[in-house]
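Numbering-wise, the sequence shown is residues 1 to 150 according to my numbering.
C-beta: ideal position from N, C-alpha, C; glycine also.
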Amino acid sequence: MTCFETGYSVLLNIETWNNWIPIISLLVAIGVLGVAYWQVHVGRNASASAQAHGIYQQYLALCIAHPKLASGDYIATRDNDTEYTKYTWFFSSMLFAFEQVLEAKPNDEKWIGTIRSQLEKHQVHLAKSRTAGSNQWHEGLKKIIQELKE
1 MTCFETGYSV
11 LLNIETWNNW
21 IPIISLLVAI
31 GVLGVAYWQV
41 HVGRNASASA
51 QAHGIYQQYL
61 ALCIAHPKLA
71 SGDYIATRDN
81 DTEYTKYTWF
91 FSSMLFAFEQ
101 VLEAKPNDEK
111 WIGTIRSQLE
121 KHQVHLAKSR
131 TAGSNQWHEG
141 LKKIIQELKE
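This is the structure we're talking about:
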């Protein structure tokens, strides 16, 4: 009987298991909590990514619908230029979309780079826009705007 010679016979004793059950249950519960925390974290991250992609997709649809405004080089031809008014609304909508993306993914360098490259196209208007210069935007967006203004 090898099990009696090696000391494993203690595993056959029900009292040993009764003493270890609370500890084993605690370890299993800690493991389950760890898995649940991980699932919540992964779910939030996936949700934030989906939200950012959806918002940016809407912005791209706006760009496709209005390529002249999206180019960033629109200049008002007269004082009462209705196209320029549309451009300023396009610009505000773009800033709002970028703010939402940065709220969803504030530390994602790819999104920050994408937003920066889009704002660079609109640098002329960015420099004179009161909307862009206001203090109401997400900190990440304000930082990008400030860097591009310098």
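Where residue i falls: helix, strand or coil (DSSP)
i           : result
residue 71  : coil
residue 39  : helix
residue 154 : What the structure shows of the chain is the stretch from 1 to 150, and residue 154 is not part of that stretch, so it cannot be assessed.
residue 111 : helix
residue 137 : coil
residue 15  : helix
residue 53  : helix
residue 93  : helix
residue 44  : helix
residue 78  : coil
residue 125 : helix
residue 145 : helix
residue 99  : helix
residue 1   : Only weak support exists for where residue 1 lies, its pLDDT of 48 falling under 50; the value from the coordinates is given anyway. Coil, per DSSP.
residue 83  : helix
residue 120 : helix
Beta-carbon proximity check, residue i vs residue j, cutoff 7 Å
i           : j           : result
residue 115 : residue 98  : yes
residue 69  : residue 87  : yes
residue 148 : residue 123 : yes
Member of the options whose CA lies at the smallest distance from the CA of residue i
i           : options          : result
residue 83  : 67, 36, 144      : 67
residue 52  : 126, 105, 124    : 105
residue 137 : 149, 79, 92, 111 : 92
residue 108 : 142, 48, 146, 81 : 48
residue 73  : 64, 125, 9       : 125
residue 129 : 117, 113, 146    : 146
residue 71  : 44, 15, 118      : 118
Cβ-Cβ separation, residue j to residue i (assumed contact under 8 Å), whole Å
i           : j           : result
residue 102 : residue 140 : 4 Å
residue 100 : residue 55  : 5 Å
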